[in-house]
Amino acid sequence: MNALKLDKLFYQLKKTDDISGLNIQIETKIPEAMPDFGKLPIFEEIDKQYVRRLEACLKSAYQSAGMFGFVSWKWVNPFVDWIDDKRCLEIMAGRGWLTYALKQKGVNVVGTDNYSWFGSDLWNVPLTDILALDAVDAVRTYGKDIDLLICSWPWLDQTMYQVAKLLSEINPSARIVYIGEGWGGLTADDHFHQHFKEIKDDVFEMRVKSKYEQWDMHQDHMMLGRFI
Ligand SMILES: C[S@@+](CC[C@H](N)C(=O)[O-])C[C@H]1O[C@@H](n2cnc3c(N)ncnc32)[C@H](O)[C@@H]1O
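Last residue of the sequence shown? That's 228 in my numbering, and every number before it is there in order.
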C-alpha cells in the first residue's frame, strides 16, 4: 500500500476500509496533539477495536519516524514556558523530535544520541543537530553547565542510572526531566527507578506533566526529579 498522509487518513477513511498493512506517512512537523481517531465523524457508533487498530498503526508509524515519547505542542509549549532560560541537555534524543521542538521555541538545548538506533532510511536523518555522543560522555562533557537534563524513552539498560548518578556528582543542583515508564516498564532499569526521586513542583505538574499524552497500552509519563 502507498504511504498515506495523516490528514488524508483522518478525513478520507471509511469505517469499512481495510487497514491491514496501512502505511502512514509522518510529516516532519510537530503535531498539535495526539490524533484522536475516536473523535472522527465517521465513527457514529464508535467501533473501539477499529480505533485501537488505527492507533496501533499510527504509533508504529511515529516510532518508525523516530518518535517514541509523543512530542506535541500541547505539552511542549507549557514546557518551554516552564524551562524559561534553563540550560538543557537532551540525551538519547534519537532523531531529535523534542530537541527540534524546543529549539524552534528558542530553548537553550543541546541534543545528543550515540546513533546506535540509526540505520533505517528515516532514522538516518536527524531533524536537527544531534551530537553523536554516548549519554554518559554527554553528561561528562556538558553536565556541569546545565540546569536540566532531559531524557525521553531511555533504553532499558543501566545507562540512565549511570547518567543520573554522574550528574548528581558533578552538578548536584541540576534536575532531570524523565519521560518514560516506571518500575518494570519499557524504559531505564530498576536501579534508576530506585534512586530517582520526584521533586514537587506544582506548576510543572499542573501545566506540563498533565498535558503529556501516551499511546494506548503505554504508561509513559513525565517526571521531574533528581538522583538520591
Ligand atoms: C527508544 S529511543 C528514544 C528516542 C527519543 N528520545 C524518543 O523519545 O523518541 C532510544 C534512543 O537511545 C539511543 N541510545 C541507546 N543507548 C545509548 C547510549 N548509551 N548513549 C546515547 N544514546 C543511546 C538510541 O540511539 C535511540 O535513539
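C-beta atoms are modelled at their ideal positions from N, C-alpha and C, and glycine is treated no differently.
- In the structure shown, the three-state DSSP call for residue 227 is strand.
- Beyond the five residues adjoining it in sequence on each side, residue 204 comes within less than 7 Å, by CB distance, of 82 and 224 in the same chain, given in chain order.
- Residue state for residue 127 is assigned as coil, using DSSP reduced to three classes.
- Taking non-hydrogen atoms of ligand 1 into account, the C-beta of residue 141 is found less than 7 Å away from none of them.
- For residue 145, there is no enclosing beta strand (DSSP E), since its DSSP letter is neither H nor E.
- Within the same chain, and ignoring the five residues on either side of residue 65 in sequence, the residues whose Cβ sits closer than 7 Å to its Cβ are 26 and 122.
- Under the DSSP definition of a beta bridge, residue 196 partners with 227.
- Taken through DSSP and simplified to helix, strand or coil, residue 187 comes out as coil.
- Taking a C-beta distance under 8 Å as the contact criterion, residue 79 and residue 34 do not qualify as a contact pair.
- By the criterion of a C-beta distance shorter than 7 Å, residue 106 is surrounded by no residue of its chain, once the five residues flanking it on both sides are discounted.
- For residue 197, same chain residues with a beta-carbon under 7 Å away, outside a window of 5 residues either side, are 225, 226 and 228 in chain order.
- The criterion of a C-beta distance shorter than 8 Å is not satisfied by residue 174 and residue 159.
- For residue 28, there is no enclosing beta strand (DSSP E), as DSSP marks it with neither H nor E.
- For residue 161, the shortest C-beta to heavy atom distance toward ligand 1 is 7 Å or greater.
- Between residue 130 and residue 72, the CB-CB gap reaches or exceeds 8 Å.
- Residue 170 carries a helical assignment under DSSP once its states are collapsed to helix, strand and coil.
- Residue 154 and residue 21 have their C-alpha atoms roughly 29 Å apart.
- Non-local C-beta neighbours of residue 215 in its own chain, meaning closer than 6 Å and more than five positions away in sequence, comprise 59, ordered along the chain.
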